[in-house]
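In the numbering used here, the protein residues as written are 4 to 681.
Where a beta carbon is used, it is the ideal one built from N, C-alpha and C, also for glycine.
Predicted model, so just to flag it, every value in this text is computed and none were measured.
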Amino acid sequence: MKDVGVMIENAEQLEAVKSQDKRILVLAGAGSGKTKTLIDKIKFYINEKRIAPKNILTITFTRDAIHEIQDRLIEYADKTNQYKAELTPVNQYSIRKKYINQNSILKNLTVRTFHSLCFSILKENGAGYYDNRFRLLQDKTESFRIDDSIDISPASESIDSLLRKSIISACQNDALFSQKLEQYLIENYFEKQVKDLRDNKQYNNKQYRCFNGAIVKSKSEQKIIDWFHCKGYEVEYEPLEIGSSFKFKPDIKLSTKEFYIEHKSDLSANLTAKLKALKDAGKPVFVTHEEWMQDSDKIETELMSILRNVLDGNYTANFSKEFDNKFRFLNNELKTFFKEIKQAYDLAKSQNLKVSDIDNVESELFKHKRIKIFYELFPVVWNHYEMLKRKNSVIDFNDLLSLVLDLFDRDESIRAYYREKYKCILVDEFQDVNPAQVQLVKYLFSESTDLFCVGDDWQSIYGFRGSDVNYIINFSHHFPESKVVKLKYNFRSSENIVRVGNEVIRNNKNKIEKEVLSLKKSDQKVILFKSNSEFDTLGFIQEKITHHLGLEKGLVSKDIMILGRRRDHFAPLQEPLKNTGVRFSTIHKAKGLEAKIVFVTGLKHGPGGFPDTWLSDSIYQVLKKTDKDILLEEERRLFYVAVTRAKDYLYLISENGNQSQFIDELPDSFVDEVVPFF
């Protein structure tokens with residue numbers, strides 16, 4: 004391969020690449036040549052330190068990042084200079100694979116995401132502990148093809164469907180769990196609908212709504228009606244019954260048969276006359292008692308006796324059908340619960356927690372009934388989910404990492420094998436790591452291993468997924484005797500754009516101090532547009548798009564990008580601007596992208612604005628504590644990411660009289676304001 008030294012851009016990159024230190028963190032600000040420095044370090048290990056390619060491991064987070072690293076290495080090694088010409092969106096996978104296989108160095112380098120690395124470790128060395136022919140559960144939120152070089156067998160069902168089966172299994176095996184789940188859904192989601200009904204004057208506050216929509220006067224009657232409903236039998240509540248010698252309303256009538264239930268409690272009127280009238284009329288009746296209602300087993304026994312002895316002697320329980328009947332009218336609420344369970348599960352896994360750890364979690368939040376009940380339900384569902392995964396030989400994305408950590412814990416020889424195999428480990432985007440990923444890195448390297456990490460604490464924006472910016476800020480604590488190299492030059496953005504980014508991030512307390520400089524001298528200021536309406540915003544952006552496309556030679560619509568903290572910040576613009584061909588993206592998805600011209604929308608104060616510092620649901624605060632100050636700092640880093648996507652022109656779209664606090668943090672000397680007439 005070529006001499007690495009001729010490609011170095013500046014002294015800081017040269018220092019990072021040529022350094023002989025065993026532990027290195029490269030703080031690579033936006034546009035500072037992060038990927039190039041990583042590539043040059045790989046070449047340095049091969050060319051100058053004579054490390055065999057098979058002993059070099061590069062870990063990143065996405066398939067796109069793998070492709071970028073591979074493409075740059077291929078271009079460097081390609082003596083024919085044909086690779087870029089052959090590569091198209093249609094054939095990129097096959098062409099990339101062809102060129103890699105043609106070069107022994109590239110073929111033996113390991114470039115993986117965290118997930119694909121763990122996948123290969125489990126396949127190669129997990130057979131003694133797990134079924135290494137596992138299939139991977141599908142998740143619509145994940146890119147299912149985790150690595151082009153890995154053959155993955157997908158499971159036939161999704162994570163959501165297996166979670167549903169887990170909840171059904173938990174209900175079937177534990178009546179108390181079923182009651183708690185029902186209570187949780189009704190009290191926290193369904194009761195809002197009931198309140199809307201109770202606000203109607205025909206209902207008073209002492210009435211309850213059943214799954215079938217019936218409004219009843221007591222919780223006990225609600226339980227009885229819901230029980231029969233779940234078994235597939237519909238009932239009527241207090242129907243008017245008229246006979247030759249009586250006229251009254253029995254408590255409950257089973258619709259399919261002329262059979263009645265009277266519930267007796269301390270508040271019941273004297274039942275003697277009603278029972279006698281029913282008996283005289285030849286109407287079968289059964290009396291339930293209030294004391295039964297406190298004992299789920301007693302309720303089940305007595306009501307099942309009615310069902311089998313009176314209604315259907317051949318009745319056979321179908322729990323899946325009963326579950327569907329029970330929760331049919333709570334379907335939306337159940338979907339919300341699924342979402343909560345999945346998010347809590349993902350967060351717990353990212354924090355390297357096991358289901359057994361949940362029982363030992365302590366939190367002041369448990370004094371709140373909703374949080375307490377959720378954490379009584381969550382580990383039960385998790386246990387059943389794990390049981391069903393084992394039974395079906397399937398795993399999910401989270402398991403790829405946690406199972407490898409478990410494998411390394413259980414088998415020192417396997418851990419030693421990988422420590423011996425990988426003499427140099429490079430980690431890209433280190434600011435995005437979570438506790439489980441850091442533990443994996445620690446397991447993979449030894450005292451003799453070279454560790455080279457690249458990242459930027461100013462661009463750490465995935466705390467909601469479990470990442471922790473403190474791993475990069477306190478790098479030397481986690482990896483002692485390390486060296487930190489700061490890449491201070493931004494090659495992407497013009498001077499005032501870089502200055503705006505510096506000034507905003509300066510307000511964060513939890514950061515590594517550095518000054519980023521631009522090598523693109525320009526008098527062009529950042530433009531702040533204070534909009535009075537969506538109409539104003541659309542008109543301003545349309546005018547600027549037309550202006551730039553009309554005047555700048557070689558500029559195309561893809562050179563323009565419109566960003567928002569949330570999708571609804573730019574949603575009103577998409578339809579009117581769809582024919583322009585400009586790009587739209589949330590800021591999170593735009594990380595790693597760039598454009599000559601960038602519009603940042605939604606820079607307003609308050610709920611739904613930017614910053615958005617509303618705390619996540621307290622349920623997740625139990626697993627990963629945060630507060631408004633931490634959230635504000637992450638939002639500020641997100642704004643920094645948005646600003647530094649721009650190369651030449653940056654437009655900030657705010658709301659006149661209600662601008663974001665981030666706008667207040669910008670020095671006037673870097674910004675020109677545009678305010679439309681009212």
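D431 is not a Cβ neighbour of A33, given a cutoff of 8 Å.
By the Cβ criterion, the segment 602-620 is not in contact with the segment 496-505, since fewer than three pairs of Cβ atoms, one from each stretch, lie closer than 8 Å. Counting only runs of at least 4 residues, the segment 22-51 fully encloses the following alpha helix (DSSP H) elements, listed from N- to C-terminal order: 37-50. No Cβ-Cβ contact shorter than 8 Å links I45 with L454.
According to the DSSP assignment, M307 belongs to the alpha helix (DSSP H) that extends over 299-309. DSSP, reduced to helix, strand and coil, places D414 outside both helices and strands of the structure shown, so it counts as coil.
Within the segment 547-601, the complete beta strand (DSSP E) segments of 3 residues or longer fall at 563-567, 586-589, listed in chain order.
Selection L30, W385, E637 evaluated against N513 yields E637 as nearest (Cα-Cα).
Annotation: the continuous beta strand (DSSP E) that includes G458 extends over 453-458. Between the alpha carbons of F642 and V384 lies a distance of about 38 Å.
M296 places its beta carbon less than 8 Å from that of S223. Here the alpha carbons of I374 and S621 stand approximately 7 Å from one another. For the options E78, E498, N535, N661, the alpha carbon positioned closest to that of K650 is the one of E498. Put simply, the segment 433-450 touches the segment 461-478. At least three CB pairs are less than 8 Å apart. Bridge partners of E239 according to DSSP: K256. The residue from I54, K100, N50 with its alpha-carbon nearest to that of Q73 is K100. In this structure K426 is in contact with I54, their Cβ atoms being roughly 6 Å apart against a cut-off of 8 Å. Beyond the five residues adjoining it in sequence on each side, I162 comes within less than 6 Å, by CB distance, of L140, D142, D399 in the same chain, given in chain order.
Looking at N510, L120, T583, the one whose alpha-carbon comes closest to that of L406 is L120. Cα atoms of G612 and I656: separation of roughly 12 Å, rounded to the nearest angstrom. In this structure Y236 is buried. Its beta-carbon is surrounded by 16 or more other beta-carbon atoms within 10 angstroms.
For Y187, no beta strand (DSSP E) encloses it; the enclosing alpha helix (DSSP H) starts and ends at 178-188. Across the structure, A130 and I77 are spaced so that their CA atoms are roughly 34 Å apart.
By the Cβ-count criterion, N401 is buried, with 16 or more other Cβ atoms from all chains shown falling within 10 Å of its own Cβ.
Within the segment 67-123, the complete beta strand (DSSP E) segments of 3 residues or longer fall at 113-116, listed in chain order. Minimum Cα-Cα distance from K52 among the listed residues Y132, K25, E239, A14 corresponds to K25. Here the segment 359-370 makes no contact with the segment 104-116; the two share fewer than three CB pairs at distances below 8 Å.
In this structure, DSSP gives K352 a helical state, which the three-state scheme calls helix. Cα atoms of K234 and F214: separation of roughly 12 Å, rounded to the nearest angstrom.
Distance from the CA of D459 to the CA of D412, rounded to the nearest whole angstrom, comes to 30 Å.
By the Cβ criterion, the segment 488-497 is in contact with the segment 507-527, since at least three pairs of Cβ atoms, one from each stretch, lie closer than 8 Å. In the DSSP assignment, no residue is bridged to I374. Bounds of the alpha helix (DSSP H) holding S359 are 358-361. Here R570 has T589 as same chain residues with Cβ atoms under 7 Å from its own Cβ, once five neighbours each way along the sequence are excluded.
Spanning the alpha carbons of R393 and L165 requires a straight line of approximately 12 Å. With fewer than 16 neighbouring CB atoms inside 10 Å of its own CB, N473 falls in the exposed class.
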